Amino acid sequence: MDSPIVPAIEIRTPARCRWYSNRGKQQMLYRHLRNIATGSGRFGRYCLMAPALVCAAALFARIGRCDEAVPAEPVPQYYKGNIHTHSLWSDGNDFPEMIAEWYRTHGYNFLALSDHNVLSEGTRWMKYSTIIERGDNTTLKKYQARFGNGWVETRGTADTANYAVRLKPLNEFRSLVEERGAFIMIQGEEISDRVKKKPLHMNATNLQEAIPPSGGLTIREAMEANLRAVEDQARRTGREVLVHLNHPNFGYGITAEDLAFVIRERFFEVYNGHPSINHLGDDTHPAVERLWDIANTIRLSELNAAPLFGVATDDSHQYHGKPGSHTGRGWIQVQSRYLSPEHIIRGIKAGDFYASSGVELKEVSFDAKDNILSLQIDTKPGVQYTTQFVGTAKDHGTTVTLENKEESEPSSEYKYSSPAIGKVLATAKGEAPQYRLTGSELYVRAVVTANQNHPDPSFKGQKQQAWTQPVGWRRHIHSE
Ligand SMILES: [Zn+2]
Ligand SMILES: [Zn+2]
Numbered sequence: 006m007d008s009p010i011v012p013a014i015e016i017r018t019p020a021r022c023r024w025y026s027n028r029g030k031q032q033m034l035y036r037h038l039r040n041i042a043t044g045s046g047r048f049g050r051y052c053l054m055a056p057a058l059v060c061a062a063a064l065f066a067r068i069g070r071c072d073e074a075v076p077a078e079p080v081p082q083y084y085k086g087n088i089h090t091h092s093l094w095s096d097g098n099d100f101p102e103m104i105a106e107w108y109r110t111h112g113y114n115f116l117a118l119s120d121h122n123v124l125s126e127g128t129r130w131m132k133y134s135t136i137i138e139r140g141d142n143t144t145l146k147k148y149q150a151r152f153g154n155g156w157v158e159t160r161g162t163a164d165t166a167n168y169a170v171r172l173k174p175l176n177e178f179r180s181l182v183e184e185r186g187a188f189i190m191i192q193g194e195e196i197s198d199r200v201k202k203k204p205l206h207m208n209a210t211n212l213q214e215a216i217p218p219s220g221g222l223t224i225r226e227a228m229e230a231n232l233r234a235v236e237d238q239a240r241r242t243g244r245e246v247l248v249h250l251n252h253p254n255f256g257y258g259i260t261a262e263d264l265a266f267v268i269r270e271r272f273f274e275v276y277n278g279h280p281s282i283n284h285l286g287d288d289t290h291p292a293v294e295r296l297w298d299i300a301n302t303i304r305l306s307e308l309n310a311a312p313l314f315g316v317a318t319d320d321s322h323q324y325h326g327k328p329g330s331h332t333g334r335g336w337i338q339v340q341s342r343y344l345s346p347e348h349i350i351r352g353i354k355a356g357d358f359y360a361s362s363g364v365e366l367k368e369v370s371f372d373a374k375d376n377i378l379s380l381q382i383d384t385k386p387g388v389q390y391t392t393q394f395v396g397t398a399k400d401h402g403t404t405v406t407l408e409n410k411e412e413s414e415p416s417s418e419y420k421y422s423s424p425a426i427g428k429v430l431a432t433a434k435g436e437a438p439q440y441r442l443t444g445s446e447l448y449v450r451a452v453v454t455a456n457q458n459h460p461d462p463s464f465k466g467q468k469q470q471a472w473t474q475p476v477g478w479r480r481h482i483h484s485e
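Residue numbering for the sequence shown follows my numbering, starting at 6 and increasing by one per position.
Shown next as structure tokens:
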């Protein structure tokens with residue numbers, strides 16, 4: 006359902022409380038009607054059970070309230086978003102408004118554009134020939150068709166070398182695509198650093214000013230320096246900023262030890278939809294998911310440090326059908342009362358989110374008293390779900406050298422080959438898997454895998470998955 010909120014031609018609507026003519030409300034009405042027809046969503050399921058008149062009255066009340074998008078007493082709900090996205094501002098191949106529109110019309114609630122070492126700000130004209138080179142000769146046409154010639158700015162003469170298109174800064178286009186309570190843009194940057202030819206990419210989400218890569222003699226030094234630069238800016242500007250480490254296996258730049266020892270970093274990409282990021286590792290490098298278990302085992306058993314939390318992202322660059330990194334492969338669902346950058350980031354920092362490459366969860370809860378991790382999977386008809394509860398026992402039997410020593414080549418798989426690290430502690434089928442911790446685990450996390458192939462896989466044989474954050478670890482962290 007891609008019905009546009011912003012039409013290509015200008016329309017005028019009366020001010021305030023105009024649900025009858027507001028495209029957002031029409032979209033919501035359509036969503037509810039669709040949910041009623043399919044019996045999906047909370048409202049749709051309710052309507053399956055309620056008599057038709059009651060249902061119609063409830064629907065009218067829901068659609069008719071002017072301020073429904075921001076209620077006075079909102080309950081926490083999941084908001085879906087992608088915080089790693091490229092546009093023509095760096096090496097992506099579409100205009101930012103077009104990218105935002107794709108996410109807005111595909112069920113996302115927030116999107117961070119995170120171009121390499123640049124924010125979408127200031128004046129930038131891009132040669133038409135460059136736009137064609139990056140994408141194809143439909144890129145500008147689609148942009149003009151969607152937003153109209155009154156919005157799209159060109160200069161020079163078509164079919165000549167001086168023909169150029171202006172890239173709009175975020176502060177100019179955000180009001181065109183944002184929708185209160187439904188879709189927001191968050192400013193981001195992929196701080197793209199390099200140490201001894203190894204890539205080190207870190208995303209800063211909701212920052213105010215661009216941060217140049219700090220560099221450093223070692224990966225860990227550069228990670229620390231970039232993190233400090235973001236923290237300094239957050240403090241100075243009073244903003245809530247999130248930093249996460251991107252695609253650790255890209256160029257095999259980051260080892261499990263790097264992830265473990267830089268305890269200032271709390272987030273990393275357990276899934277990134279770019280096909281070149283070595284998600285599964287190789288003979289000498291652990292898969293990304295195993296890096297997570299090794300790093301968290303070192304943190305909790307040796308460093309008295311909190312574990313890393315995992316995000317999933319698209320890292321989308323290609324928007325016109327070419328192979329590469331596409332939209333819609335990896336996202337996070339964040340529990341929040343409000344859809345604002347600050348509340349979303351606080352939810353992520355609190356660990357109230359899960360990562361997904363296709364499987365959706367209705368609920369993730371950890372009962373710290375009874376030590377039970379419970380999931381409710383949002384099942385699809387005909388799909389089977391297998392949940393693995395993964396963790397490391399306190400006595401995992403692997404000795405970690407505590408010297409914060411740099412390795413010239415990643416060798417984690419050999420040093421930490423103990424099968425007790427990141428062990429599958431239990432496997433469950435069905436829509437409501439549970440695991441009761443015995444108390445001997447350093448942490449436990451759940452990964453849900455559907456028996457459904459990924460519709461647009463980023464690696465061979467990919468199935469749709471969801472990852473929860475590790476739980477049960479707080480008792481192992483002691484304040485000095
Ligand atoms: Zn990157
Ligand atoms: Zn990227």
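Glycine included, C-beta positions come from ideal geometry on N, C-alpha and C. Please read these numbers as outputs of a predicted model, since none were measured by experiment.
Does the beta carbon of residue i sit closer than 8 Å to a beta carbon anywhere in chain B?
{"i": "Arg241", "result": "Protein chains in the displayed structure number just one, and chain B is not present."}
Is residue i near ligand 2 - that is, is its Cβ less than 7 Å away from at least one heavy atom of it?
{"i": "His290", "result": "no"}
{"i": "His206", "result": "yes"}
If you measure from the CB of residue i, is any heavy atom of ligand 1 nearer than 7 Å?
{"i": "Asn251", "result": "yes"}
{"i": "Phe255", "result": "yes"}
{"i": "Ser345", "result": "no"}
{"i": "Ser197", "result": "yes"}
Per the DSSP calculation, residue i is bridged to which residue(s)?
{"i": "Leu366", "result": "Ile382"}
{"i": "Phe273", "result": "Leu250 and Gly315"}
{"i": "Thr432", "result": "Gln393"}
{"i": "Tyr343", "result": "Partner(s): none; Tyr343 has no beta bridge."}
{"i": "Arg5", "result": "Because the chain here runs from 6 to 485, residue 5 falls outside it and cannot be looked at."}
{"i": "Phe115", "result": "Gly86 and Ile189"}
{"i": "Glu446", "result": "Ala398"}
{"i": "Ser484", "result": "Bridge partners of Ser484: none, in fact."}
{"i": "Ile196", "result": "Met207"}
{"i": "Glu184", "result": "Phe188"}
{"i": "Asp287", "result": "His290"}
{"i": "Asn458", "result": "Lys468"}
{"i": "Ser321", "result": "Thr90"}
{"i": "Tyr359", "result": "Gln338"}
{"i": "Phe371", "result": "Leu378"}
{"i": "Asp120", "result": "Glu194"}
{"i": "Ala451", "result": "Phe394"}
{"i": "Arg225", "result": "Its beta-bridge partners do not exist; DSSP assigns none."}
{"i": "Val476", "result": "Val449"}
{"i": "Gln149", "result": "The partner list for Gln149 (beta bridge, DSSP) is empty, contrary to what the question assumes."}
{"i": "Gln439", "result": "Ser379"}
{"i": "Arg160", "result": "Ala169"}
Using the beta-carbon count (16 or more within 10 Å), is residue i buried or exposed?
{"i": "His284", "result": "buried"}
{"i": "Pro517", "result": "In this structure the chain extends from 6 to 485, so residue 517 is not present and cannot be described."}
{"i": "Pro328", "result": "exposed"}
{"i": "Cys52", "result": "For Cys52, the predicted structure reports a pLDDT of 47, less than 50, and the residue's modelled location is therefore unreliable. A value from the coordinates is still provided. Per the 10 Å Cβ criterion, buried."}
{"i": "Asn456", "result": "exposed"}
{"i": "Asn142", "result": "exposed"}
{"i": "Leu447", "result": "buried"}
{"i": "Glu274", "result": "buried"}
{"i": "Pro312", "result": "buried"}
{"i": "Gly69", "result": "Confidence in Gly69 is poor, its pLDDT being 43 and thus under 50, which makes the residue's placement unreliable; the coordinate value appears in the next sentence. When all chains shown are included, Gly69 counts as exposed."}
{"i": "Lys30", "result": "Confidence in Lys30 is poor, its pLDDT being 46 and thus under 50, which makes the residue's placement unreliable; the coordinate value appears in the next sentence. Lys30 is buried by the Cβ-count criterion."}
{"i": "Ala105", "result": "buried"}
{"i": "Leu378", "result": "buried"}
{"i": "Ser330", "result": "buried"}
{"i": "Lys88", "result": "What sits at residue 88 in the sequence shown is Ile, not Lys. Counting Cβ neighbours within 10 Å, Ile88 comes out buried, since at least 16 surround it."}
{"i": "Ile482", "result": "exposed"}
{"i": "Cys71", "result": "Unreliable placement is indicated for Cys71, whose pLDDT of 46 sits below 50; no coordinate value is reported for it."}
{"i": "Lys465", "result": "exposed"}
{"i": "Val80", "result": "exposed"}
{"i": "Gly86", "result": "buried"}
{"i": "Pro386", "result": "exposed"}
For this session: Would you check if there are 3 or more beta carbon pairs closer than 8 Å linking the segment 94-105 to the segment 155-173?
Result: yes
Exercise. Residues with a Cβ closer than 5 Å to any heavy atom of ligand 2, in chain order?
Worked result: Glu195 and Asp320
For this session: Could you tell me whether the segment 452-460 touches the segment 312-327, using the rule of 3 or more Cβ pairs below 8 Å?
Result: Judged by Cβ distances under 8 Å, the segment 452-460 makes no contact with the segment 312-327, as fewer than three pairs qualify.
Exercise. Looking at C-beta atoms only, is the number of pairs between the segment 261-273 and the segment 296-307 that lie closer than 8 Å three or more?
Worked result: yes
For this session: Flag this pair as touching only if the segment 189-199 and the segment 209-217 have three or more C-beta atom pairs under 8 Å; answer yes or no.
Result: Enough Cβ pairs lie closer than 8 Å, so yes.
Exercise. Is the segment 353-365 touching the segment 324-344, taking contact as three or more C-beta pairs under 8 Å?
Worked result: yes
Exercise. Taking contact to mean at least 3 C-beta pairs separated by less than 8 Å, is the segment 144-158 in contact with the segment 108-118?
Worked result: no
Problem set entry | Touch test, the segment 118-135 against the segment 86-93, Cβ-Cβ under 8 Å, three pairs minimum | yes
Exercise. Using 8 Å as the Cβ pair cut-off and three pairs as the minimum, do the segment 366-381 and the segment 466-483 touch?
Worked result: yes
For this session: Would you be able to state if there are at least three C-beta pairs under 8 Å between the segment 246-256 and the segment 220-227?
Result: Counting Cβ pairs under 8 Å, fewer than three are found: no touch.
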